[in-house]
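Report on the structure given below.
Numbering (UniProt numbering), first residue to last: 1 to 431.
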């Protein structure tokens, strides 16, 4: 059948990876290969240090808010100081999208490579499980907070590890400050999770996350999809993966089976009259390239619904111009801008959080700049397990103390009925 015409206007197909010394002899086909990507992931401190010393200039600017320049050695030491406190895994695609002439101020670098110099004291209310997911877990690997929706966590690894990860209590390798739990699954744990889902008559919606569903083997991804499609009570399900943002190459690798499994699940759900979507995670327009455009086009033409969830981050996307550009680029790629989240209160990310006022101002200024169905919801996922609430729905907000309060009337289980939830603006760096 002839492929229908498309209105996509792709970027120039630059060989972006050739600027990275270990990859400069890599062909286009190799770069798009998932097997090649798995072999060339940067997961160790020595490997990242070697790469940094080969890429950065002799002297470069320090991060925003820190005056002056720094040497290559100073920058390398800063990175090592940061990654001792944060899990590390960097994909070739992400490394290719970083501005290595000024990495400390690159919005891509700041998300995935921690710098010790910009970390500040944790907020007293910060918690590695700030959303209290473990408290709302009735069986292993399932979080059931809302009456009709549950979160299924069948995997504890990701294609990259974000500095601001909200699930760092169980995702990624141990660090100097945290020995982590795990979402590792066995067949019996899968069956326990499925049995729980089927036993809950009010449950209608399942989110498959982790970790990242990108690391589910294709046959397991399809098996989970088949099981959910077969449950009479489940009407909707979606998978959450950052893959489209950080390793879009995989979607274009015809020899890899994951994308085809995803498309089959989408097709089978549609035939069964059930709603299926893939949720991904872009935070800045600089993460988008021609590889992303081709991958999103493939999913769109295959009928896979894709939505995006963004996290609001200081000095990454906390201004109108950047957020507007991101929303419009996503819309052009047929990715629905779904949520913009206030950054969660987890340790070692205080320097990346923004005051509640920032997200309120962004929504106010962006509203009306694009069709209503493409305007994301600006939300706070409340600490202590209060769930997602519109940022503008606060009960009170004291700008001087930085404390905002919210209610979550739909949550009535355990001790949550009538509970007041608090979100705290970030601390200011010490002088």
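We put the CB at the ideal spot given by N, CA and C, even for glycine.
Mind reading off the beta-carbon distance from residue i to residue j? Whole number of angstroms is fine, and I expect it under 8 Å.
| i | j | result |
| --- | --- | --- |
| residue 228 | residue 220 | In fact, because the Cβ distance is near 13 Å, the residues do not count as touching under 8 Å. |
| residue 111 | residue 162 | 6 Å |
| residue 108 | residue 286 | 6 Å |
| residue 345 | residue 125 | 6 Å |
| residue 253 | residue 33 | 5 Å |
| residue 303 | residue 270 | 7 Å |
| residue 209 | residue 240 | 4 Å |
| residue 355 | residue 402 | 6 Å |
Expressed to the nearest angstrom, what Euclidean distance is found between the alpha-carbon atoms of residue i and residue j?
| i | j | result |
| --- | --- | --- |
| residue 238 | residue 267 | 13 Å |
| residue 360 | residue 398 | 14 Å |
| residue 165 | residue 196 | 27 Å |
| residue 278 | residue 71 | 42 Å |
| residue 159 | residue 283 | 16 Å |
| residue 288 | residue 324 | 14 Å |
| residue 367 | residue 338 | 14 Å |
| residue 7 | residue 120 | Bear in mind that a pLDDT of 45 at residue 7, under 50, signals an unreliable position, so the model cannot answer this. |
| residue 243 | residue 424 | 31 Å |
| residue 381 | residue 24 | 42 Å |
| residue 351 | residue 327 | 24 Å |
| residue 422 | residue 118 | 26 Å |
| residue 232 | residue 20 | 50 Å |
| residue 370 | residue 73 | 45 Å |
| residue 372 | residue 341 | 18 Å |
| residue 405 | residue 99 | 39 Å |
| residue 123 | residue 426 | 7 Å |
| residue 170 | residue 127 | Here the model assigns residue 170 a pLDDT of 48, short of 50, so the residue's position is not dependable, and the following value carries that caveat. Computed Cα separation, rounded: 13 Å. |
| residue 236 | residue 52 | 44 Å |
| residue 85 | residue 91 | 19 Å |
| residue 408 | residue 265 | 33 Å |
| residue 186 | residue 384 | 29 Å |
| residue 56 | residue 22 | 14 Å |
| residue 26 | residue 16 | 11 Å |
| residue 142 | residue 191 | 12 Å |
| residue 129 | residue 410 | 21 Å |
Would you list the one or two residues that DSSP bridges to residue i?
| i | result |
| --- | --- |
| residue 141 | Paired residue(s): none; residue 141 is not in a bridge. |
| residue 228 | In DSSP, residue 228 forms no bridge with anything. |
| residue 337 | 308 |
| residue 403 | 398, 424 |
| residue 281 | Per DSSP, none; premise fails for residue 281. |
| residue 382 | 387 |
| residue 342 | 312 |
| residue 253 | Per DSSP, none; premise fails for residue 253. |
| residue 69 | 61 |
| residue 150 | 206 |
| residue 239 | 208, 278 |
| residue 413 | Per DSSP, none; premise fails for residue 413. |
| residue 90 | 42 |
| residue 377 | 339 |
Figure out for me which residue from the options has the closest Cα to the Cα of residue i.
| i | options | result |
| --- | --- | --- |
| residue 343 | 368, 379, 332, 328 | 379 |
| residue 377 | 310, 401, 403, 83 | 310 |
| residue 29 | 328, 250, 144 | 250 |
| residue 152 | 405, 252, 136, 207 | 207 |
| residue 214 | 155, 192, 189 | 155 |
| residue 261 | 422, 217, 328, 209 | 217 |
| residue 193 | 140, 245, 205, 244 | 140 |
| residue 312 | 280, 86, 358 | 358 |
| residue 211 | 271, 64, 280, 410 | 280 |
| residue 144 | 205, 299, 364 | 205 |
| residue 362 | 320, 137, 17, 302 | 320 |
| residue 301 | 274, 328, 73, 259 | 259 |
| residue 135 | 428, 407, 386 | 386 |
| residue 433 | 148, 223, 255, 271 | The structure shown does not extend to residue 433, since the chain spans only 1 to 431, so no value can be given for it. |
| residue 67 | 46, 31, 104 | 104 |
| residue 434 | 290, 419, 370 | One cannot answer for residue 434 here, as it falls past the ends of the chain, which runs 1 to 431. |
| residue 416 | 132, 332, 46, 85 | 132 |
| residue 297 | 17, 322, 332 | 332 |
| residue 138 | 115, 189, 128, 99 | 189 |
| residue 64 | 157, 86, 106 | 106 |
| residue 198 | 241, 150, 245 | 150 |
| residue 247 | 273, 294, 265, 203 | 294 |
| residue 113 | 146, 129, 142, 75 | 75 |
| residue 222 | 257, 157, 305 | 257 |
| residue 364 | 391, 383, 353 | 391 |
| residue 394 | 50, 420, 202 | 420 |
| residue 334 | 306, 314, 353 | 306 |
| residue 317 | 353, 299, 336, 292 | 353 |
| residue 414 | 146, 129, 56 | 146 |
| residue 50 | 69, 62, 61, 77 | 77 |
Is there at least one Cβ from chain D nearer than 7 Å to residue i's Cβ?
| i | result |
| --- | --- |
| residue 162 | Of the protein chains in this structure there is only one, and it is not chain D. |
I want to know whether the region 92-106 touches the region 35-45 - three or more CB-CB distances under 8 Å. Output reads yes: the region 35-45 touches the region 92-106.
Report yes or no: do three or more beta-carbon pairs, one from the region 62-81 and one from the region 20-39, lie closer than 8 Å? Cβ pair count under 8 Å is below three, so no.
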